[in-house]
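Chains as they are written, first to last, in full-length UniProt numbering: chain X, 1 to 410; chain H, 1 to 410.
Yeah, the Cβ is synthetic: ideal placement off N, Cα and C, and Gly gets one too.
There are 2 protein chains.
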Amino acid sequence: MVPSSPLPASPAPRPAFARWMGTTNQITRTFLAAGAIPDLINVAGGLPDPDVYPTERMAEIARRAVAEHPDEVLGYGPVEGLPALRDALARRLGSPALPLTRDNVLVTTSGMQALDLVGKVLLDEGGLIAGQHPTYLGALDAWRPRSPTFRNLVLDAPGFDAHRALTGAQFAYAVPNFSNPTGRLVGLETRRALVAAAHDTGTWLVEDDPYGTLLYDGAPLPRLIELSAQAAPGAPYAGPVVSMGTLSKEIAPGLRVGWIVAAPAMIQALTLAKQGSDLCTSGVTQRIALAAIETGLIEAIRPAVVALYRARRDALCAALEAHLSAWFTWEVPVGGMFVWATAKDPGLDTDALLPHALKAGICYAPSSVFDASGANRRGMRINFTLNRPERLDEGMRRLGLAVAALRGAA
Amino acid sequence: MVPSSPLPASPAPRPAFARWMGTTNQITRTFLAAGAIPDLINVAGGLPDPDVYPTERMAEIARRAVAEHPDEVLGYGPVEGLPALRDALARRLGSPALPLTRDNVLVTTSGMQALDLVGKVLLDEGGLIAGQHPTYLGALDAWRPRSPTFRNLVLDAPGFDAHRALTGAQFAYAVPNFSNPTGRLVGLETRRALVAAAHDTGTWLVEDDPYGTLLYDGAPLPRLIELSAQAAPGAPYAGPVVSMGTLSKEIAPGLRVGWIVAAPAMIQALTLAKQGSDLCTSGVTQRIALAAIETGLIEAIRPAVVALYRARRDALCAALEAHLSAWFTWEVPVGGMFVWATAKDPGLDTDALLPHALKAGICYAPSSVFDASGANRRGMRINFTLNRPERLDEGMRRLGLAVAALRGAA
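Written as structure tokens, this is what we have:
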């Protein structure tokens with residue numbers, strides 16, 4: 001036994017952190033640190049307007065959740081999630097053509113955890129992901145600990161070959177509804193092609209759908225899992241689509257309640273991964289989520305939320321037109337939370353623009369963070385849900401000043 | 001573009017799950033499935049008695065958390081956790097000799113997530129863990145996706161050499177207070193030796209302390225991080241101990257609120273891993289946790305909880321004496337939730353005993369699940385916090401019948 005000798009005040013060098021920790025990009029830290037800048041207009045995040053939270057009703061729901069279900073809410077729950085919530089999600093996300101039971105549903109601690117679990121179940125070190133490009137930053141973050149390789153898929157591009165795109169990948173990843181970051185709606189023919197390729201090649205097809213209910217124009221398109229179910233309509237779902245969602249954009253991100261819907265064998269594998277990740281999702285937040293669904297609260301607030309965000313999308317596009325049309329192009333998204341702007345001049349580097357933007361009091365998410373290689377430097381993601389129209393206009397005015405400053409500095 | 005041809009009803013074979021998924025043991029599934037057996041007495045889990053939950057006060061705390069802090073509770077929060085909760089934890093876990101600030105604290109979504117994050121930050125594929133043996137099942141689960149190798153440390157064993165034990169490992173892992181699964185208190189000299197070895201070798205020393213406040217006899221021993229702080233008393237903590245805890249055993253597992261206390265550089269690395277794991281812990285549960293700490297609720301309920309569990313520990317040990325002393329030995333634990341029983345006959349296999357036990361209506365956790373290699377088949381972990389004394393007695397009576405049945409079958 002070692003005696004209790006004095007400890008060395010300057011300890012020995014410690015073992016290195018895991019290798020993947022060295023692969024994160026600096027620009028992410030820059031924009032995460034931006035919160036401290038006074039009067040900053042932040043269009044970098046994917047944040048709801050806090051005014052849409054139904055605070056009073058949620059407070060009462062929270063009280064009742066604990067008072068009426070104390071054992072379920074305060075104790076350990078099943079790894080898969082509370083049976084009543086799994087049943088409610090199966091009803092909500094299923095249809096006669098896509099009959100779902102609780103065996104098709106895993107409750108996750110947020111959509112981010114759903115991505116982490118998919119990585120754990122499907123990726124060996126260095127495994128290949130065929131991912132829609134540009135790709136949601138959070139998905140890249142979730143999978144980085146497994147050091148994957150990426151095949152970039154530009155969906156809806158001329159000549160896109162879904163079969164070739166999926167062949168040999170551990171899984172494919174897409175955000176078909178108002179893709180993060182581009183806000184683009186993946187077209188019906190591309191959806192069909194992706195699903196056919198998944199059935200044909202066997203490759204798992206991960207559909208991430210946090211924004212589907214934030215639809216501002218036109219009718220919704222079928223989800224990938226709905227298209228996949230057409231292979232055997234009405235049969236228990238056993239296909240290759242792994243469909244994930246969250247209540248973060250519909251009611252409140254602070255609940256951290258999401259889900260995965262998939263074939264039962266995949267749900268069982270994901271459950272094993274969840275067991276070692278956080279054992280189970282909080283019963284408190286699961287019961288609140290269930291009440292928000294069952295009382296109709298989510299549907300009750302949706303029309304006002306959609307109207308508010310539609311007006312803000314229009315305000316942002318008008319502000320872009322007024323202040324930035326000389327330098328950027330963009331498409332008007334039919335849903336979601338973001339406009340994707342691309343520089344007309346391929347030499348305009350949105351990483352280089354960011355310090356000027358921060359100095360001018362505006363923070364956006366540069367395109368490099370949505371690219372596993374960091375090479376895409378010509379675009380930016382602009383959020384329109386958090387800020388009021390006059391702030392969006394002021395933000396785009398500031399961004400115009402930042403572009404002028406960058407050009408002057410060059 | 002692929003035309004919308006009919007989907008093949010029998011899709012191609014899908015890519016294999018990640019390799020680690022094949023390494024889980026069957027016995028875990030057996031005891032997880034035991035919940036469905038009628039009148040089963042379950043001493044397998046580490047569950048609190050639901051009667052100790054302060055339901056009414058928690059319900060009111062939940063209501064106020066949402067009503068009074070809606071933006072913080074319902075929106076996205078900082079990855080590191082709410083500043084007010086980090087400050088409260090720093091005050092609660094620090095001391096004049098171990099001054100902590102929020103920069104030393106990461107809020108985690110349960111103690112299990114803390115283990116997952118440590119694995120992500122410190123383990124490359126196949127990395128070496130020097131772990132207290134036998135080891136908490138959940139820690140093995142959390143690290144399995146990174147396919148680590150294990151060096152088993154039998155703490156307090158004669159001739160235990162902490163320096164040699166830690167050398168070359170990515171990190172060491174110990175549950176010094178009432179170890180899971182053995183219930184053993186790691187002695188002061190061994191604690192000092194582990195800490196000295198960590199300072200000397202640089203190896204990170206992960207201290208997992210979910211049970212520290214469930215102390216039934218005697219005075220508490222200093223935590224490893226407190227001993228480590230003695231290298232530079234009163235200085236901001238920058239040492240090699242990574243100390244984790246949870247509110248699951250103190251107030252309610254359903255909150256899923258835990259923490260990691262460590263050097264700021266380690267907290268920053270863990271924060272990066274948490275960002276890709278669930279982005280942030282629920283504001284709802286964090287605010288409830290903070291109120292449970294700040295209102296003194298946790299301290300208020302502790303004496304009754306400790307008295308209840310002390311009586312149950314004594315009841316379990318009396319039942320073991322009455323029904324199983326011919327076949328097993330055990331130590332009376334001074335804290336925690338478990339008694340660890342070891343078969344006198346090395347040929348008595350507790351994996352083989354389990355089906356007989358389930359048939360008799362009792363479920364325990366066999367020693368094999370607490371061993372990365374699964375080789376330890378001579379022990380069992382018995383929980384005493386969930387069941388009333390008469391059920392503990394009946395459970396041990398049934399276990400005696402099961403042993404007789406196993407012996408008869410042999």
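Taking every protein chain shown into account, the CB of residue 407 of chain H has fewer than 16 other CB atoms within 10 angstroms, so this residue is exposed. Contact between residue 277 of chain H and residue 113 of chain X holds, with the beta-carbon distance rounding to 7 Å and staying under 8 Å. DSSP places residue 389 of chain X in the helix class (H, G or I) of the three-state scheme. Assigned with DSSP and collapsed to three states, residue 134 of chain H falls in coil, not helix or strand.
Between the stretch 175 to 187 of chain H and the stretch 146 to 165 of chain H, the count of C-beta pairs closer than 8 Å reaches three or more; the two stretches touch. For the stretch 75 to 134 of chain X, the full-length beta strand (DSSP E) segments reaching 3 residues or more read 105 to 108, 128 to 132 along the chain. Under the three-state reduction of DSSP, residue 172 of chain H is assigned to strand.
For residue 80 of chain X, there are no neighbours in chain H by C-beta distance under 9 Å, as the nearest C-beta there is about 11 Å away.
Here DSSP, grouped into helix, strand and coil, assigns residue 213 of chain X to coil.
Contact residues of the stretch 62 to 75 of chain H toward chain X are 62, 63, 64, 65, 66, 67, 70, 71, 72, 73, 74, 75 (C-beta to C-beta distance below 8 Å). In terms of Cα proximity to residue 75 of chain H, the closest of X/333, X/373, X/248, X/280 is X/248. Between residue 350 of chain H and residue 360 of chain H, the C-beta gap is not smaller than 8 Å, which leaves the two residues out of contact. DSSP places residue 373 of chain H in the coil class of the three-state scheme, outside both helix and strand. For residue 342 of chain H, the uninterrupted beta strand (DSSP E) run begins and ends at 338 to 343, by DSSP. Taking the Cα of residue 147 of chain H as reference, the smallest distance to any Cα among X/123, X/164, X/161, X/138 is reached at X/123. In this structure, residue 383 of chain H and residue 43 of chain H form a Cβ contact; the two beta carbons are roughly 5 Å apart against a cut-off of 8 Å. Taking C-beta atoms as the reference points, residue 301 of chain X and residue 54 of chain X count as a pair closer than 8 Å.
Near chain X, meaning a CB-to-CB distance below 8 Å, the residues of the stretch 119 to 132 of chain H are 120, 121, 122, 123, 124, 125, 127. The stretch 262 to 274 of chain X makes contact with the stretch 70 to 90 of chain X: 3 or more CB pairs, one atom from each, lie closer than 8 Å. Taking 8 Å as the cut-off, the Cβ atoms of residue 253 of chain X and residue 181 of chain X do not count as close. The three-state reading of DSSP puts residue 381 of chain H in strand, counting E and B together. Secondary structure of residue 243 of chain H (DSSP, three-state): strand. Setting aside the 5 residues that flank it on each side, residue 57 of chain X is surrounded in the same chain by 297, each with a C-beta closer than 7 Å to its C-beta; the list follows chain order.
Annotation for residue 257 of chain H: 247, 285, 289 place their beta carbon closer than 6 Å to its own, counting only its chain and skipping 5 residues before and after. Residue 264 of chain X and residue 176 of chain X have their C-alpha atoms spaced approximately 23 Å apart. Burial check for residue 332 of chain X: the Cβ neighbour count within 10 Å stays below 16, so the residue is exposed. Judged by pairs of C-beta atoms under 8 Å, the stretch 227 to 235 of chain H touches the stretch 94 to 104 of chain H, as three or more such pairs exist.
Contact between the stretch 334 to 342 of chain H and the stretch 213 to 223 of chain H is established, with three or more Cβ pairs separated by less than 8 Å. At a cut-off of 8 Å, the C-beta of residue 53 of chain H has a neighbouring C-beta in chain X. Residue pairing by DSSP places residue 208 of chain X opposite X/244 in a beta bridge. Residue pairing by DSSP places residue 259 of chain H opposite H/107, H/245 in a beta bridge. At least one CB atom of chain X sits nearer than 8 Å to the CB of residue 59 of chain H. When secondary structure is reduced to three states using DSSP, residue 327 of chain H falls in the coil class, being assigned neither helix nor strand.
Not one beta carbon of chain H lies nearer than 8 Å to the beta carbon of residue 342 of chain X. In the structure shown, residue 335 of chain X adopts extended strand secondary structure according to DSSP, grouped into three states. Contact annotation for residue 144 of chain X against chain H: 276 [CB-CB distance below 8 Å, chain order].
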